[in-house]
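Down below is the structure, laid out as C-alpha cells.
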Amino acid sequence: MTDSASTPTALIRARGLTKVFGERTAVAGIDFEVRDGEFFGFLGPNGAGKTTTMRMIAGVSPRTSGTLEIFGQDPDLQGSVIRGLIGVVHQQETLDMELTVRENLLVFGRFFGIDRASIATRADELLELFQLSDRAKDQVEPLSGGMKRRLSIARSLIASPRILMLDEPTTGLDPQARHLLWDALQRLKRGGTTIVLTTHYMDEAEQLCDRLVVMDQAKIVAEGSPRQLIVEHASREVLELRFPNGTESIDAKVLEGIGDRYERLAERVIIGCENGEAAHARALEHGLSPESWLVRRSSLEDVFLRLTGRSLDE
Amino acid sequence: MIASLAPRAFSVFERNVFVYRRQWLIIVTGFFEPLFFLLGIGYGVGGVIGTIPYGGVEVPYAAFVAPALLASAAMNGAIFDSTFNIFYKLKYGKVYDAILSTPVGVGDLAVGELLWSNLRGVIYATAFLAVMLAFGLVASPLALLAPLAVIFIGFSFGAAGFAITTHMRSWKDFDFLFIILTPLFLFSATFYPVEIYPGALRWIVELSPLTRGTHLVRSLCFGDLNLFMLVDIAYLSAISFIGYRHAVRRLGVLLLK
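In order, the protein sequence lines correspond to chains A and B.
All residue numbers for the first sequence refer to the working numbering, where the first residue is 19 and numbers rise by one.
All residue numbers for the second sequence refer to the working numbering, where the first residue is -5 and numbers rise by one.
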C-alpha cells in the first residue's frame, strides 16, 4: 500500500455518508474524497443534498450514519478543531449587518482566536485583495450583491483556512460579478487553498472544478473531471433540434438513427453525436423539419441530462 | 476545559462590544427607568407615607424602594438583551449561522451572550448605585457589593430569557414576555415588604427570582448580612444553570440540524 505516497492526500473522506431528516433522506450513503489542493465540486439541482453534505463537512450537522473524516478527524467529535481549519461561505448572506465591512473581518478573526494585531493586518490585506478597501468603514447593508459575496469570501479567509467551502457562490450575481468571483477563486486555488463548492451551474463547474461529483436525489450519480464526465456520459458534439409544437409525435426509431444517443424534451430533441453538422443532415434525410437547430460542444449540462433524464432547470 | 472555552465565549462578547460602540445611547436609556421610579414612587409616594418598617426599624421609604429598583434594573438590562437582541440574531440576522461556522460552538455562544447581557445589568446597577449614593439612600458600605450581587440576577434572567427566546416564533410572542415581566416587577417585594402577602400567596412571591434578587441587594444596602442571602444566590444560580442548559440544547436543535 503505497498509494498515499503516489496520490495527493485526501483532506476530506466520506464513506456511506447519510443524513435523514424525519421521513426525508437528504443524503443517501455517498462516497467521495477531496484531495489536497484541488478544486472540488458538488453539482446538482436544488434539493439534491449538496448543502446538507457541506454542512456535515463543516461540523454543523451531525450525520445519521456512515463515516466522515476531515484532516483525518470526525467532525461530529472534533467540530471545533475542524472548523478552525476551514472557511465557509453560506448560500444565504450571513454577514453581520450591525457591523461595518472591516469590523465584519475583525470580529470574525476573533472567533478563530487570532490576536487583534494579526487580524487587523490580515483584514486590510483581504479588503485590498477583494477590492473592498474603499468601503472598509461602510455599513454592509448598502453593498451590492457582488460586493457582499466578496466580503463573505474575504471573511471566510480571515484565518487562512486550508479548505474553503462555498455553497452556491455565484447564485444571484450578474455575469460581471460572477467572472470577478471566478478569478478570485482561481487565484486562491493557485495559492494552494483546497476549494469545495456546490453549484447548479454547469458552466461554473466546468470552468472551475478539477474534479466533481454529480448529485441527484440524495445520491452521487457520476464522478470525475469535467472532461472525463463529458467523454464518458456525452458525445463530442450536440445537435439541438427545436419543435415548438411538441416532440411526442416523432418516431423513436428515427431519432435513434441520427446520432449516438438522444434525449426527448417537451419542445427540444437533444442528440449526442460525433459530428453535429452530419447529424443534422441525417435528420433532414429522415424527414424531420425542426423550426431551428444548433450544433455545440457537449457540456456538463448534457452529462446531467444524460444521467438523470432531466434538465437542470426543471 | 474552562481555559479553552473562555476565549471563544469572550469573542462572542467582543462582537457585541463592537456593535454597541456606536449604539451606546441605547444602553443609556435603560438607566433612566429606575431613576423615574425612584423619583415618582420612592420620593412621590414616599413623601406621603414617610417611613416603612424594615428589619425592626423604620427606614425612609425611598431607601427601602431603591435597592429593589437597582435589582430590577439589572433584571431589565439582562432580559431585554437576551430576548429581543438574541431573537433578532437568531431569526433574522443569521449572525449565529456565521458564528457557528467558526471554532465557536453553541456552548461558547450562549456563555458569550450571557456575559454580555449581564454586563448591561451590571452597568445599570452601578449607575443606579451612584444615584443612591448621591441621594444619600445607602445605609451600609456593603452596598458597594451590590453591582457584584446583581451578576446573579443578570445570569438568571439572562439565561431564562435566552431559553424562552429559543421558543419564540415571531415578534408577536414577545407580548407574553410583558405579561410576565410587569407583574414580576410590581409584585416581587419591590414597593412593600413580602410579609404583606397572606399565607400561600407570600410563598409564591418568595419564589419569584426578582424577590430573591431584591432580597439579596436590599440586605447588602442595609448592611443586614443573613443566611437567606445564600438561599438567594443558590436559587438564582440554579435558574441560571437550568436556563443555560436549555438554551444550549435548543440552539443545537435550531442551528445544528
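C-beta atoms are modelled at their ideal positions from N, C-alpha and C, and glycine is treated no differently.
Q: Report the option in A:Asp94, A:Arg173 and A:Met165 whose CA atom is closest to the CA atom of Glu121 (chain A).
A: Sequence index remark: in the first sequence, residue 121 (chain A) carries index 103 (1-based). Minimum Cα distance to Glu121 (chain A) is reached at A:Arg173.
Q) If we cut at 8 Å on Cβ distances, does His108 (chain A) have a partner in chain C? A) Within the model displayed, chain C is absent; protein chains A and B are what it includes.
Q. If you pair each beta-carbon of the stretch 4 to 15 of chain B with each one of the stretch 108 to 128 of chain B, do three or more pairs fall below 8 Å?
A. yes
**Q.** Strand pairing of Pro47 (chain B), partner residues [DSSP]
**A.** Position 53 of the second sequence, counted from the start, is the residue given in the question as residue 47 (chain B). Bridge partners of Pro47 (chain B): B:Glu52.
Q: For Leu19 (chain B), collect the residues of the same chain with a Cβ closer than 8 Å to its Cβ; drop the 5 residues on either side in sequence, then sort them by chain order.
A: One-based indexing of the second sequence puts residue 19 (chain B) at position 25. So the list is empty, once near-sequence residues are dropped.
Q | Residue environment, Lys166 (chain A), which counts as buried when at least 16 other CB atoms sit within 10 Å | A | The residue labelled residue 166 (chain A) in the question sits at position 148 within the first sequence. Per the 10 Å Cβ criterion, buried.
Q | Extent of the continuous alpha helix (DSSP H) to which Ala46 (chain A) belongs | A | Position 28 of the first sequence, counted from the start, is the residue given in the question as residue 46 (chain A). Segment Arg42 to Arg53 is the beta strand (DSSP E) holding Ala46 (chain A); no alpha helix (DSSP H) there.
Q. Taking C-alpha atoms, which residue in A:Pro93, A:Leu206 and A:Leu257 lies nearest to Gly55 (chain A)?
A. Stepping through the first sequence from its first residue, residue 55 (chain A) is reached at position 37. Looking at the Cα atoms, A:Leu206 is the closest of the given residues.
Q: Output the distance between the C-alpha atoms of Met69 (chain B) and Arg206 (chain B), rounded to the nearest integer angstrom.
A: Within the second sequence, numbered from 1, the residue matching residue 69 (chain B) stands at position 75. Within the second sequence, numbered from 1, the residue matching residue 206 (chain B) stands at position 212. Rounded to whole angstroms, Met69 (chain B) to Arg206 (chain B) spans 12 Å at the Cα level.
**Q.** Proximity winner among A:Arg128, A:Ala135 and A:Leu175, relative to Leu147 (chain A) (alpha-carbon distances)
**A.** Numbered from 1 along the first sequence, position 129 holds the residue referred to as residue 147 (chain A). Closest by alpha carbon: A:Leu175.
Q. Using DSSP with H/G/I as helix, E/B as strand and the rest coil, what is Thr333 (chain A)?
A. This structure cannot settle anything about residue 333 (chain A), because the visible part of chain A is limited to 19 through 332.
Q.
Which residue wins for smallest C-alpha separation from Ile174 (chain B), given the options B:Ser164, B:Gly101, B:Ser202 and B:Val144?
A. Counting from 1 along the second sequence, the entry for residue 174 (chain B) is found at position 180. If we check each option's Cα against that of Ile174 (chain B), B:Ser202 comes out closest.
Q: For Arg254 (chain A), I'd like the list of residues in its chain whose CB is within less than 6 Å of its CB, leaving aside the five on either flank, ordered along the chain.
A: On the first sequence, residue 254 (chain A) is found 236 positions in, with the first residue counted as 1. Excluding positions up to five away in sequence, the list reads Glu292.
Q. For Ser151 (chain A), which residues from the same chain have a beta carbon less than 7 Å from its beta carbon, with the 5 sequence-adjacent residues on both sides left out?
A. On the first sequence, residue 151 (chain A) is found 133 positions in, with the first residue counted as 1. Excluding sequence neighbours, Ser151 (chain A) sits near Leu145.
Q. Nearest to Arg239 (chain B) by alpha carbon, out of B:Thr23, B:Gly155, B:Asp218 and B:Tyr186?
A. Sequence index remark: in the second sequence, residue 239 (chain B) carries index 245 (1-based). For Arg239 (chain B), the nearest C-alpha among the options comes from B:Gly155.
Q: For the alpha helix (DSSP H) containing Gly152 (chain B), list its first residue and its last residue.
A: Translated into the one-based positions of the second sequence, residue 152 (chain B) becomes position 158. From DSSP, the alpha helix (DSSP H) with Gly152 (chain B) extends over Ala140 to Thr159.
Q. What separation, rounded to the nearest whole angstrom, lies between the Cα atoms of Ala62 (chain B) and Ile35 (chain B)?
A. Your numbering for residue 62 (chain B) matches position 68 in the second sequence. Your numbering for residue 35 (chain B) matches position 41 in the second sequence. If you take the alpha carbons of Ala62 (chain B) and Ile35 (chain B), they lie about 12 Å apart.
Q) Along the stretch 164 to 185 of chain B, what residues have a CB closer than 9 Å to any CB found in chain A? A) none
Q.
Taking 8 Å as the threshold (beta carbon to beta carbon), is Val249 (chain A) in contact with chain B?
A. Along the first sequence, one-based indexing puts residue 249 (chain A) at 231. Chain B, which has no Cβ nearer than 8 Å to the Cβ of Val249 (chain A), makes this no.
Q.
Strictly below 9 Å CB to CB, what residues from chain B border Leu117 (chain A)?
A. Position 99 of the first sequence, counted from the start, is the residue given in the question as residue 117 (chain A). Those within 9 Å of Leu117 (chain A) in chain B are Arg9, Phe12 and Val13.
Q: With DSSP collapsed to three states, give me the class of Tyr191 (chain B).
A: As a working mapping, residue 191 (chain B) is identified with position 197 in the second sequence. Note: Tyr191 (chain B) maps to coil in three-state DSSP.
Q: Can you tell me the Cβ-Cβ gap for Phe25 (chain B) and Ala92 (chain B), rounded? I've got them flagged as a contact below 8 Å.
A: Start at 1 with the first residue of the second sequence, and residue 25 (chain B) comes out as number 31. Start at 1 with the first residue of the second sequence, and residue 92 (chain B) comes out as number 98. Their Cβ separation, rounded to whole angstroms, is 31 Å, which puts Phe25 (chain B) and Ala92 (chain B) out of contact at 8 Å.
Q: With 8 Å as the threshold, decide whether the Cβ of Pro54 (chain B) is near any Cβ in chain A.
A: Against the second sequence, residue 54 (chain B) aligns to sequence position 60. It does not: the Cβ of Pro54 (chain B) has no partner Cβ on chain A nearer than 8 Å.
Q) Where in the stretch 147 to 209 of chain A do unbroken runs of the beta strand (DSSP E), each at least 3 residues long, occur, reported from the N-terminal end onward? A) 181 to 185
Q: Using a Cβ-Cβ cut-off of 8 Å, state whether Gly99 (chain B) counts as contacting chain A.
A: The residue labelled residue 99 (chain B) in the question sits at position 105 within the second sequence. Yes, its Cβ sits closer than 8 Å to a Cβ of chain A.
Q. When the cut-off is 8 Å and only beta carbons count, does Gly210 (chain A) lie next to chain B?
A. On the first sequence, residue 210 (chain A) is found 192 positions in, with the first residue counted as 1. No, because no Cβ of chain B sits closer than 8 Å to the Cβ of Gly210 (chain A).
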